[in-house]
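Please read the structure below before turning to the comments.
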Amino acid sequence: MSRVRVLVGTRKGAFVLSADGKRGRWDVNGPFFAGWEIYHVKGSPAAPDRLFASQTSGWFGQVIQRSDDGGATWEPVGNQFDYASEPGTHQWYDGTPHPWEFARVWHLEPAPDDPDTVYAGVEDAGLFKSADGGKTWAELPGLRTHKSGPSWAPGAGGMCLHTIILDPARPGRMFAAISAAGAFRSDDAGETWQPVNRGLHSEGIPDEDAEVGHCVHRLAMHPARPEVLYMQKHWDVMRTDDAGDLWHEVSGNLPTDFGFPIDVHAHEPDTVYVVPITSDSHHFPPEGKLRVYRSRTGGDDWEPLTRGLPQEHCYVNVLRDAMAVDSLDECGLYFGTTGGQVYASADAGDTWAPIVRDLPAVLSVEVQTLS
Amino acid sequence: MIRVVLPAHLRTLACINGEVQLRVDGPVTQRSVLDALESRYPMLRGTIRDHHAGQRRAFIRFFACELDLSHEQPDSPLPDAVATGAEPYLVVGAMAGG
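What follows is the structure in structure tokens.
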């Protein structure tokens, strides 16, 4: 029987939540790496028991952990992230040039076909690759050294490369997103990059239609239709039908189009999920009601999903990497909150129940569907 | 033998119980002690000082003999009591609260 394994990164450790395909009874294991911030945990599609975790601390810096037994045991691997060339400068918050400095790994993206290959998106924004299971890391400098790099500026959370999407249909094509530079595409396995932000409008930057400078919070793709991408931007939910060449807004009837995560149903490329948040200054759900919104039309037309979610006095946030979908026949959906709840739906979002309620603030949620 | 005491998070990371005892050949300095420590426990590389310049991470402190040695030069001799093992060399995570 199929089962699922939910990988949760929190402000104070990692947790592994496991259930059978019914997704009704859960085993909760953790905390792993207690006391450390775990920005992201993700499994290798090529070897599902191989997991990578980004473990970080303001005191002790960056550690990458790897498990080869589904999270039962872990070992630290390589933590040396050196920019490949003279890092140069980007813009600081006050507009002055600021040296590029490695701070932490925000996102780990294992390759679909090789358990030893994994990509890392880091702060200050850069893309790294390991071909030896995380032991050593080499930057793909073409992104950081794009001619627009000196004009990039950090968002409030730092200048992070938080989204890495590998196109399953077109080898060598990949997407990355950076706050607050925008979305980028490579068609040559990360050697060279181009900004793909046409159609975005951001009121918070001097030129609202600029080539770069947009605070993209998250990108999502359905593997069966990789030319279509969805974006949750600082404000606005966006969609492209041509791999980022042009975006158009699909916020439609959302109560607010500010938010962080966005994801796509495992079997329905037109079914998209977001969690609207009141505003950039009020990082909690509108009216204190935690609602996931689902569009079955690829955007514009959205319905609130509320059954099982708190509909009063709820003032948590859901961060950009804290939502995931499984690929069981009845698609499951998961998200974690800054209040430490991890909610699961075994029916594509129609109904929800908490797996756990009292974890540390959740930074990331991934799910593996295992046979 | 040089005695080194690490903060709890680093002991956990390196699977260390209690103090570390290190043999250091040559002058006993911050650099030589940390070199020996990282040689035995490679997973600690980058967690106390950076990979390249060996610069102490901002929120790490080095204490010994009731002295804050954090700002000493990396190649300055450590106190005799550390070199003889009479006193431990303390690697400390700076206090933070709130």
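The listed protein sequences correspond, in order, to chains S and V. Residues 1487 to 1857 in the numbering used here are what the first sequence lists, from first letter to last. Residues -6 to 91 in the numbering used here are what the second sequence lists, from first letter to last. Where is the CB? At the ideal position from N, CA and C, for every residue including glycine.
- Taking 8 Å as the upper bound on Cβ-Cβ separation, chain V lies near residues S1543, G1544, W1545, F1546, G1547, Q1548 and V1549 of the region 1535 to 1558 of chain S.
- One thing to note: E1694 of chain S has its Cβ within 7 Å of the Cβ of H1687 of chain S.
- In the structure shown, the three-state DSSP call for D73 of chain V is helix.
- About 6 Å separates the beta carbons of F1567 of chain S and F1614 of chain S, which is inside the 8 Å limit, making them a contact pair.
- According to the DSSP secondary-structure assignment, I9 of chain V is paired through a beta bridge with no residue.
- Chain V has no Cβ within less than 7 Å of the Cβ of G1619 of chain S.
- Around A87 of chain V, the beta-carbon contacts reaching into chain S at under 8 Å are W1545.
- Among the residues facing chain V, N1515 of chain S is not included, as its CB has no counterpart in that chain under 7 Å away.
- Note on A1662 of chain S: 16 or more other CB atoms within 10 angstroms of its CB, so buried under the neighbour-count rule.
- One finds H2 in chain V with Cβ atoms closer than 8 Å to the Cβ of W1522 of chain S, taken in chain order.
- Beta-bridge pairing by DSSP links E1561 of chain S to S:R1552.
- For S32 of chain V, the enclosing alpha helix (DSSP H) covers residues Q23 to R33.
- For Q1566 of chain S, there is no enclosing beta strand (DSSP E), as DSSP marks it with neither H nor E.
- If you draw a straight line from the Cα of T1757 of chain S to the Cα of T1559 of chain S, it comes to about 36 Å.
- Membership of F1588 of chain S in any beta strand (DSSP E) is not indicated, and neither H nor E is assigned to it by DSSP.
- Within chain S, no C-beta atom comes less than 8 Å from the C-beta of R54 of chain V; the nearest is roughly 10 Å away.
- At least 7 Å separates the beta-carbon of R38 of chain V from that of R49 of chain V.
- Going by beta carbons, Q1551 of chain S and T1542 of chain S fall outside the 7 Å limit.
- Secondary structure of A1639 of chain S (DSSP, three-state): coil.
- Among the residues of the region 50 to 84 of chain V, those with a Cβ less than 8 Å away from any Cβ of chain S are R50, F52 and I53, in the order of the chain.
- With a threshold of 7 Å between beta carbons, G19 of chain V makes no contact with chain S.
- Near chain V, meaning a CB-to-CB distance below 9 Å, no residue of the region 1661 to 1695 of chain S qualifies.
- Using beta-carbon distances, G39 of chain V counts as an interface residue toward chain S, with a partner under 7 Å.
- With respect to E1609 of chain S, R1590 of chain S sits close: the two C-beta atoms are nearer than 7 Å.
- In its chain, beyond the 5 residues on either side, D1554, D1555 and G1556 have a beta carbon closer than 7 Å to the beta carbon of D1535 of chain S.
- Proximity of the region 1522 to 1536 of chain S to the region 1842 to 1854 of chain S meets the contact definition, three or more beta-carbon pairs being nearer than 8 Å.
- Interface annotation for the region 1751 to 1768 of chain S against chain V: empty, criterion Cβ-Cβ distance under 7 Å.
- Per DSSP, the unbroken beta strand (DSSP E) holding I1524 of chain S starts and ends at E1523 to G1529.
- With respect to D1727 of chain S, V1714 of chain S sits close: the two C-beta atoms are nearer than 7 Å.
- Beta-carbon to beta-carbon, W1592 of chain S and L1647 of chain S are separated by about 7 Å, close enough to satisfy the 8 Å threshold.
- The way I'd put it, the region 1620 to 1640 of chain S does touch the region 1575 to 1584 of chain S; three or more beta-carbon pairs between them come closer than 8 Å.
- Residues of chain S whose Cβ lies closer than 8 Å to the Cβ of L30 of chain V do not exist, since the nearest Cβ in that chain is about 14 Å away.
- H45 of chain V counts as exposed, since fewer than 16 other beta carbons sit within 10 angstroms of its beta carbon.
- Residue state for L83 of chain V is assigned as strand, using DSSP reduced to three classes.
- In this structure, the straight-line span from the alpha carbon of A1808 of chain S to that of C1817 of chain S is close to 17 Å.
- The C-beta of M36 of chain V comes closer than 7 Å to at least one C-beta of chain S.
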